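The numbering of the sequence shown is our numbering, which starts it at 284 and goes up by one.
Ideal placement from N, C-alpha and C gives every residue a C-beta, glycine not left out.
These figures come from a predicted structure and were not determined experimentally.
Encoded as structure tokens, the structure appears first; notes follow it.
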Amino acid sequence: MTAQGRREDDSPIVKDKKTERTPLPKLQLLIVFLIQFAEPVTATVIYPFVNQFVRETGITGGDEAKTGYYAGIVESTFFFSETLTVFAWGWLSDFLGRKPVLLLGPLGLSFAMLGFGLSTTFWPLVFFRAFQGLFNGNIERYYLGVSKSVLAEITDSTNIGDAYALSPMMWSAGLTIGPTLGGVLSSPASRWPDTFGRIPFFHDHPYFLPCAAAAFVAFASFFISSIALKETLPASRRAKLSSLWRRDGKKQNVAHDDATTPLLTDATSDHYATIAVVESAIPVAVNEEERPPLSQLFTPSFGVTLANFGLLAFSEMAMSALIPLVYSTPVEYGGLGMDPLKIGTIMGSFGILNGVVSGLFLGSLIRRYGALNIYRTGIFSLFVVVGCFPAGNALARRAGGIDAFVILVVVIQFLALATISPCYGA
284 MTAQGRREDD
294 SPIVKDKKTE
304 RTPLPKLQLL
314 IVFLIQFAEP
324 VTATVIYPFV
334 NQFVRETGIT
344 GGDEAKTGYY
354 AGIVESTFFF
364 SETLTVFAWG
374 WLSDFLGRKP
384 VLLLGPLGLS
394 FAMLGFGLST
404 TFWPLVFFRA
414 FQGLFNGNIE
424 RYYLGVSKSV
434 LAEITDSTNI
444 GDAYALSPMM
454 WSAGLTIGPT
464 LGGVLSSPAS
474 RWPDTFGRIP
484 FFHDHPYFLP
494 CAAAAFVAFA
504 SFFISSIALK
514 ETLPASRRAK
524 LSSLWRRDGK
534 KQNVAHDDAT
544 TPLLTDATSD
554 HYATIAVVES
564 AIPVAVNEEE
574 RPPLSQLFTP
584 SFGVTLANFG
594 LLAFSEMAMS
604 ALIPLVYSTP
614 VEYGGLGMDP
624 LKIGTIMGSF
634 GILNGVVSGL
644 FLGSLIRRYG
654 ALNIYRTGIF
664 SLFVVVGCFP
674 AGNALARRAG
684 GIDAFVILVV
694 VIQFLALATI
704 SPCYGA
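If you want it as structure tokens, here you go:
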């Protein structure tokens, strides 16, 4: 056969590979997104009122300067317990299957939110926030959660990018709904005295209603998923406890008859290990025995990348805690003196802005300016965000409250904050 003949014979095959794309499993994708949606709603619903809640427990003894310290304890326990459990949930899902482990997440979140709303003293707040972080670990919004494993297993190499591109929208939607619920529904007895004000329970538990609303979102996702979510890890492919980890601590694939088989074209997929799930979704031609040891990955350049990612996450979480703290603190103590409704409205609006920037413009911005410049812009914007705190307070002191200039500073602060989330995609 001539070279020209080979090109003619091969060209239709190459064309098919370029144009053919597996349709996304819309129903299963929607259910996974519903579970992911429960995480940001339950995580952010407390932001508008958590500082006021801490004050009302009496733990500060009336000292406004201690509010940030104790509110920080409540917030940090969430991320601490999440960090401790995220790998454990993935390991357990390789043994029990994705569905039962994934369903525990929203179910546990619903109970954690109810307990948080019913608390009247400080330490139960800490306990239930940590309890929430524990169950949040198997959803996890970035790369390690079981939900991301399911996404990879219901897609293949032709459509996995589309599924993962839609996933951040759930975080932005939850970032909008969560704080809005927290701001609007907190202290219902004083906001609607003719209805909720007639019920003594809401006088004793002013923050139960927003927590119950978030719990309802989590439980609804659990209920729907328990009925309609399909198991993506068949029993025949589940790892045995004795083979999950090698003695040197490296994760094993359950089976790999064909290292280039895409995940989840059907139940015969050969790659199911949780931590390797994204890697397995992309065809590779390397045998397990030929892979370099994990220690070789920790090069200086990898260390710099990891440190930058850690710095970014640390800074974003710090801003998430500082904004409601500063906004709720009285002006004379360095804040803006906002009530939970205003804080919830502002943070909910930011969720919309964040979703628009990340969902509609991130791809084109990276193509035009490059990932490094996007990252540098986000890091520089952190200085703007921090600088807006004293600037806003100084203007509020001069005006004796919130005026147009203070609002302008808040707008600038959130515009700068909107450039940070795209750094994760850069």
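- Residue state for His486 is assigned as helix, using DSSP reduced to three classes.
- Inclusion of Leu392 and Ala495 in the CB contact set at 7 Å is not warranted, their separation being larger than that value.
- With fewer than 16 other beta carbons inside 10 angstroms of its own, Ser473 counts as exposed.
- Secondary structure note for Pro383: its alpha helix (DSSP H) is the uninterrupted segment Arg381 to Leu401.
- Membership of Trp454 in the alpha helix (DSSP H) is indicated by the continuous run Ile443 to Leu468.
- With distances taken between CA atoms, Pro308 lies nearest to Asp445 out of Asp445, Val693, Phe592 and Val357.
- Close CB contacts of Thr325 within its chain, under the 6 Å cut and outside five residues either way in sequence, are with Leu392, Met396, Ala497 and Ala501 (chain order).
- For Val328, the three-state secondary structure derived from DSSP is coil.
- Distance from the Cα of Trp372 is smallest, within the candidate group Val429, Gln415 and Leu386, for Val429.
- Within its own chain, the residues whose Cβ lies closer than 6 Å to the Cβ of Thr612, once the five positions on either side in sequence are excluded, are Gly618, listed in chain order.
- Of the candidates Val693, Asn656, Phe688 and Gln311, Val693 places its Cα closest to the Cα of Cys671.
- Rounded to the nearest angstrom, the Cβ distance from Tyr610 to Ile635 is 18 Å, too far for a contact under 8 Å.
- Closest option to Ser509, judged by alpha-carbon separation, among Thr305, Tyr707, Phe362 and Val315: Val315.
- Spatial neighbours of Leu390 in its own chain (CB-CB distance under 8 Å, excluding positions within 5 residues in sequence) are listed in chain order as Phe418, Ala501, Phe502 and Phe505.
- In this structure, Gly661 sits near Ile703, with a CB-CB distance shorter than 7 Å.
- Per the coordinates, the alpha-carbon of Leu512 lies some 14 Å from the alpha-carbon of Lys431.
- The residues Leu512 and Glu514, in chain order, have a CB closer than 7 Å to that of Lys382 in the same chain once the five nearest residues on each side in sequence are set aside.
- Under the three-state reduction of DSSP output, Trp372 falls in the helix class.
- Counting C-beta atoms within 10 angstroms of its own C-beta, Ala413 has 16 or more neighbours from the protein chains shown and is therefore classed as buried.
- Annotation: Trp454 to Pro331 spans about 18 Å, alpha carbon to alpha carbon.
- Going by DSSP, Gln335 is part of the alpha helix (DSSP H) stretching over Val333 to Glu339.
- Rounded to whole angstroms, the gap between the alpha carbons of Phe666 and Ser632 is 21 Å.
- With a contact defined as Cβ atoms closer than 8 Å, Pro489 and Val328 miss out at about 14 Å.
- Within the same chain, Pro331, Phe332, Gln335, Gly465, Gly466, Ser469, Ser470 and Ser611 come within 8 Å of Pro623 by CB-CB distance, once the 5 residues on both sides are set aside.
- Under a 10 Å Cβ-count criterion, Ile482 is classified as exposed, with fewer than 16 other Cβ atoms of the shown protein chains found around its own Cβ.
- Every unbroken stretch of the alpha helix (DSSP H) spanning 4 or more residues and falling wholly within the region 626 to 685 is given here in chain order: 645 to 652 and 654 to 682.
- The DSSP-derived three-state label of Glu365 is helix.
- The C-alpha of Arg651 lies about 10 Å from the C-alpha of Ile657.
- Counted as a single uninterrupted DSSP element, the alpha helix (DSSP H) harbouring Met600 occupies residues Pro583 to Ser611.
- Looking only at Phe363, Pro306, Phe592 and Phe320, the smallest Cα-Cα distance to Thr441 is reached by Pro306.
- A straight line joining the alpha-carbon of Phe320 with that of Ser450 spans about 9 Å.
- Setting aside the 5 residues that flank it on each side, Ala682 has no residue in the same chain whose C-beta is closer than 6 Å to its C-beta.
- According to the DSSP assignment, Pro476 belongs to no alpha helix (DSSP H), since it is labelled neither H nor E.
- Per DSSP, Val433 is one residue of the alpha helix (DSSP H) stretching across Val429 to Glu436.
- In this chain, the alpha helix (DSSP H) harbouring Ser504 covers Phe491 to Ala511.
- Pairing Phe394 with Leu387, the inter-Cα distance amounts to about 11 Å.
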